[in-house]
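Novice: When you line the first sequence up against the numbering used here, it's residues 449 to 1002, in that order.
Built from N, CA and C at the ideal position, the CB exists for glycine as well.
Since we're looking at a predicted model, the values are computed, not measured.
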Amino acid sequence: MKNKLACLIADSVAACTQKGLLPDVNLPQIEIEVPANPDHGDYACNVAMILASQAKQNPRKIAQAIQENLNDTEGMIEKVQIAGPGFLNFMIKDDLWRKILRNILDQKEKYGCLGIGQGKKIQVEFVSANPTGPLHIGHARGAVVGDVLSNLLQTANYHVSKEYYINDAGNQMNNLGKSVLYRYRELLGETIEFPESCYKGDYIKEISADIIEKEGRRYLTENEEETVRYFNTVAGGVILEDIKKDLRDFGVTFDFYFSEKELYKENGVSDLLASLQKQGFIYSDGETLWFKTTAYGDDKDRVVIRKNGEPTYFAADIAYHQNKYARGFDILVDIWGADHHGYMPRLWAAVQALGHDKNDLKIILVQLVNLLRAGEPVAMSTRSGEFVTLREVLDEVGKDAARYNFLMRRSDSHLDFDLEVAKKQSNENPVFYVQYAHARICSILRMAQERGMALPAYENMNPSLLVEPEERTLIKMMARYPEMLEGAVKSLEVHRITFYLNELAGVFHSYYNKNKVVTDDAALTAARLVLVDAVRVVLGNALKILGVNAPEKM
RNA sequence: GCGCCCAUGGCUCAGCUGGAUAGAGCGCCAGACUACGAAUCUGGAUGUCGCAAGUUCGAAUCUUGCUGGGCGCACCA
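(1) Straight-line CA distance for residue 938 to residue 931?
(2) Here's a check: name, in chain order, each residue in its chain whose Cβ is nearer than 6 angstroms to the Cβ of residue 460, leaving out the five neighbours to either side.
(3) Quick check on this structure: which residue in 679, 672, 641 and 535 has the alpha carbon closest to the alpha carbon of residue 391?
(4) Enumerate in chain order the residues of its own chain whose CB-to-CB distance from residue 866 is below 6 angstroms, with the five nearest sequence positions on each side excluded.
(5) Would you call the CB atoms of residue 606 and residue 570 closer than 8 angstroms?
(6) Beta strand (DSSP E) containing residue 750: first to last residue?
(7) Less than 8 angstroms between the C-beta atoms of residue 818 and residue 860, yes or no?
(8) Taking the continuous beta strand (DSSP E) assigned at residue 611, which residues delimit it?
(9) If distances are taken between C-alpha atoms only, which option among 796, 704 and 707 comes closest to residue 749?
(10) Distance check for residue 784 and residue 576, CA to CA, integer angstroms please.
(11) Classify residue 736 as helix, strand or coil using the three-state DSSP reduction.
(12) What alpha helix (DSSP H) runs, 4 residues minimum, are completely inside the stretch 608 to 657?
(13) Out of 630, 914 and 587, which has the shortest C-alpha to C-alpha gap to residue 612?
(14) Could you tell me which residues DSSP pairs with residue 812 in its beta bridges?
(15) Please specify which runs of the beta strand (DSSP E), each continuous and at least 3 residues long, are wholly inside the stretch 487 to 537, giving them in chain order.
(16) Hey, out of 781, 495 and 815, whose CA is closest to residue 595's CA?
(17) Taking its Cβ as the centre, do 16 or more other Cβ atoms sit within 10 Å of residue 620, making it buried, or is it exposed?
(18) Excluding the 5 residues preceding and the 5 following residue 537 in the sequence, name in chain order all residues of the same chain whose CB lies nearer than 6 angstroms to its CB.
(19) With distances taken from CA atoms, which of 707, 453 and 902 is nearest residue 522?
(20) Using the three-state DSSP reduction, which class does residue 727 fall into: helix, strand or coil?
(21) Note down, one range per segment and in chain order, each alpha helix (DSSP H) of at least 4 residues found wholly within the stretch 686 to 726.
(22) Should residue 604 and residue 933 be called a contact, given that it needs their Cβ atoms to be closer than 8 angstroms?
(23) One question on the structure: do residue 918 and residue 962 come within less than 8 angstroms of each other, judged by their Cβ atoms?
(24) Quick check on the DSSP output: what are the complete beta strand (DSSP E) runs of length 3 or more inside the stretch 854 to 884, in order along the chain?
(25) What are the start and end residues of the beta strand (DSSP E) that includes residue 670?
(26) Do residue 579 and residue 616 have their beta-carbon atoms positioned less than 8 angstroms apart in this structure?
(27) Between the C-alpha atoms of residue 494 and residue 479, what's the straight-line distance to the nearest angstrom?
(28) From the DSSP output, in three-state form, read off residue 471 for me.
(29) Three or more C-beta pairs closer than 8 angstroms, one from the stretch 838 to 853 and one from the stretch 693 to 703: is that the case here?
(30) Are there three or more Cβ pairs, one per stretch, closer than 8 angstroms when the stretch 795 to 813 is compared with the stretch 761 to 774?
(31) Determine the burial state of residue 657: buried for a count of at least 16 other Cβ atoms within 10 Å of its Cβ, exposed for fewer.
(32) Is the distance from the Cβ of residue 721 to the Cβ of residue 737 below 8 angstroms?
(33) Give me whichever residues DSSP pairs with residue 793 in a beta bridge.
(34) If contact is defined by three or more beta carbon pairs under 8 angstroms, each pair taking one atom from either stretch, is the stretch 957 to 976 in contact with the stretch 623 to 636?
(35) Could you say which of 883, 908 and 915 lies nearest to residue 954 if we only look at CA atoms?
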């Protein structure tokens, strides 16, 4: 609808130019918005005001010229008004709005699918936590945002690949192996001073106990370095499997798990660094290798090979992103915790040195989560092993409520997650509000069916009976669903879907309380059944993108 | 000290990338089930959009400077 209107306006501006009503101007991007005030029409366009300065004419005069030259061949426009400083306010014909219902019923779960991705390959990398412990609530938010963004991009005709980068080659893993070894010794009777750098969670003990059960006490005497290496492989494997299971129960799956170790195979990292050095992006100061990230606006250059000869995390990350591009992705999306924001200029520098546009790598920052219980902060300390895990949240509040709660704010804003509120089945918890609307509609449809009034086909009802204000609002809102999705895709903002859902459910609930769907009036009932069924479809489609259930009963 | 993000009713947040009279939810007050599901609905009060300049037809939105908060500033990941 919006796009069609934009074309009409663009054509009209062209016609005006041709007729000499307007000078030869650069046509700006046509911005069409939905006015806050319904008196201002269904859509409003500000193009006349934008052209005013270029054309050196009164904006209202320009608006008038555009209005007079609109070539509305499809007859979609009911009325155009020029208002305020030069807005063009459009009223769309009711018939046209109502025809949206047919689209929804024809397309069903495809309603809202967009073509803007043009089949481009896009990779979304998220979670990517070290397999050194279970996922906690902070990871959960990133997991949902990444998962939902991927779903969203998929509906917009992007070819999406979801990836988890396993940081299994660094110091952390070494600490993990050590932690297991210390617990191993402790369980076998030795007195151990547990180092600060080690992981203290109970899951470490379980892994140690498991090794004892399977392989006995032989590692007490083996070479420590080799044992640590072995233990960190074992522990990393076990923990990663647990992580995968937790994610799966959270509704989050990945297409690919990429191990950092892969990058080092066949000298992958050092070859890449050598090649970048040859191109002048990397220089040596005699003991260390530096990447010249300042060439792309970073504050200072960054070390890629340490004095001790070990590559940094950044070095591997350069190789990783090069690997991603080599796999043919057109666009990369990285989802990070907001505490990593200082890392962005570095990686963008790397991407550009690798010959790509900065815009080919989108970085989404997800703010950390404040966990509360009934308003009181829950202490979280990773060191001590005291933190609320994703598993615990899932067990306590359930998948749907957990996911929905993480989607209620824009991802770069702080989020308070209150366990008590999230599991409350009350009006403080919007997930039920939306699900309830869906279940309610299902219930209506069931009941109508029982009373012998099955949902009619679009052709067998008269849409012009839908004249109540709430009915018109519902229809317009549903017509704008694809536009909302388009905005979400372009801005990579998944919270827009949540806000849309709350609003749509709200209008529906209000409508429901005011008007009966199933009445003695067969024709009206037929029309309203079609209407609420369309609402059901749109609610269901949007919830599906969120990975939240759309229940038929609650 | 430098950089990034944030500041919108009592609270938690939206505000469609510069538009028209700034919106929801929670909480508070008052109401609605002999009606398709009351996990719902209806009505009411609450704002110098942190402060000050600037840009223009027009600013919560863009620029600059302050104030206050969060986070970064590793040869950690």
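Specialist: Inspection of the coordinates gives the following:
(1) Here residue 938 refers to the residue found at position 490 when the first sequence is read from its first residue. Here residue 931 refers to the residue found at position 483 when the first sequence is read from its first residue. Distance from the CA of residue 938 to the CA of residue 931, rounded to the nearest whole angstrom, comes to 11 angstroms.
(2) Stepping through the first sequence from its first residue, residue 460 is reached at position 12. Answer for residue 460: 514, 517 and 518, listed in chain order.
(3) Because the chain is modelled from 449 through 1002, residue 391 falls outside the range shown and cannot be assessed.
(4) Here residue 866 corresponds to residue number 418 of the first sequence, with the count starting at 1. So the qualifying residues of the chain are 820.
(5) Indexing the first sequence from 1 puts residue 606 at position 158. Indexing the first sequence from 1 puts residue 570 at position 122. Yes. Within cutoff.
(6) Sequence index remark: in the first sequence, residue 750 carries index 302 (1-based). From DSSP, the beta strand (DSSP E) with residue 750 extends over 750 to 753.
(7) Position 370 of the first sequence holds residue 818. Position 412 of the first sequence holds residue 860. Not closer than 8 angstroms, so no.
(8) Indexing the first sequence from 1 puts residue 611 at position 163. That run of the beta strand (DSSP E) goes 607 to 614.
(9) By one-based count along the first sequence, residue 749 stands at place 301. It is 796 whose Cα lies nearest to the Cα of residue 749.
(10) Taking the first residue of the first sequence as position 1, residue 576 is located at position 128. Taking the first residue of the first sequence as position 1, residue 784 is located at position 336. Approximately 9 angstroms, taken between the alpha carbons.
(11) The sequence position of residue 736 within the first sequence is 288, counting from 1. In the structure shown, residue 736 sits in coil (DSSP, three-state: anything other than H, G, I, E or B).
(12) Every alpha helix (DSSP H) stretch that sits fully inside the stretch 608 to 657 and reaches 4 residues is listed by chain position as 619 to 635.
(13) Taking the first sequence and counting its residues from 1, one reaches residue 612 at position 164. With distances taken between Cα atoms, residue 612 lies closest to 587.
(14) Stepping through the first sequence from its first residue, residue 812 is reached at position 364. 783, per the DSSP bridge assignment.
(15) Scanning the stretch 487 to 537 from its first residue to its last, the whole beta strand (DSSP E) runs of 3-plus residues come out as 491 to 493 and 525 to 531.
(16) Here the question's residue 595 lines up with position 147 in the first sequence. Comparing C-alpha distances from residue 595 to each of 781, 495 and 815 shows the shortest one belongs to 781.
(17) Within the first sequence, residue 620 is the residue found at index 172, counting from 1. The residue in question, residue 620, is buried, as its Cβ has 16 or more Cβ neighbours within 10 Å.
(18) By one-based count along the first sequence, residue 537 stands at place 89. For residue 537, where only same-chain residues beyond five positions count, the Cβ hits under 6 angstroms are 488, 489, 492, 529 and 531.
(19) Taking the first residue of the first sequence as 1, we reach residue 522 at position 74. The residue with the shortest Cα to Cα distance from residue 522 is 453.
(20) As a first step, residue 727 is located in the first sequence; it is residue number 279 there, counting from the start. Residue 727 falls in the coil class under three-state DSSP.
(21) You should have 708 to 712 and 716 to 726.
(22) One-based indexing of the first sequence puts residue 604 at position 156. One-based indexing of the first sequence puts residue 933 at position 485. Yes.
(23) Taking the first sequence and counting its residues from 1, the one referred to as residue 918 is at position 470. Taking the first sequence and counting its residues from 1, the one referred to as residue 962 is at position 514. Yes, these two residues count as a Cβ contact at 8 angstroms.
(24) 863 to 866
(25) Here residue 670 refers to the residue found at position 222 of the first sequence. Residue 670 -> no beta strand (DSSP E), and no H or E assigned at all.
(26) In the first sequence, counting from the first residue as 1, residue 616 sits at position 168. In the first sequence, counting from the first residue as 1, residue 579 sits at position 131. Against a cut-off of 8 angstroms, the Cβ pair of residue 579 and residue 616 comes out as a contact.
(27) Within the first sequence, residue 494 is the residue found at index 46, counting from 1. Within the first sequence, residue 479 is the residue found at index 31, counting from 1. Each residue's Cα considered, the two are about 7 angstroms apart.
(28) Locating residue 471 in the first sequence gives position 23, counting from the first residue. Coil, per DSSP.
(29) yes
(30) yes
(31) Mapped onto the first sequence, residue 657 falls at position 209. It counts as exposed.
(32) For this step, residue 721 is matched to residue 273 along the first sequence. For this step, residue 737 is matched to residue 289 along the first sequence. Yes, these two residues count as a Cβ contact at 8 angstroms.
(33) Numbered from its first residue, the first sequence carries residue 793 at position 345. Answer by DSSP bridge pairing: none, since residue 793 is not bridged.
(34) no
(35) As a first step, residue 954 is located in the first sequence; it is residue number 506 there, counting from the start. Taking only the C-alpha atoms, the option nearest residue 954 is 883.
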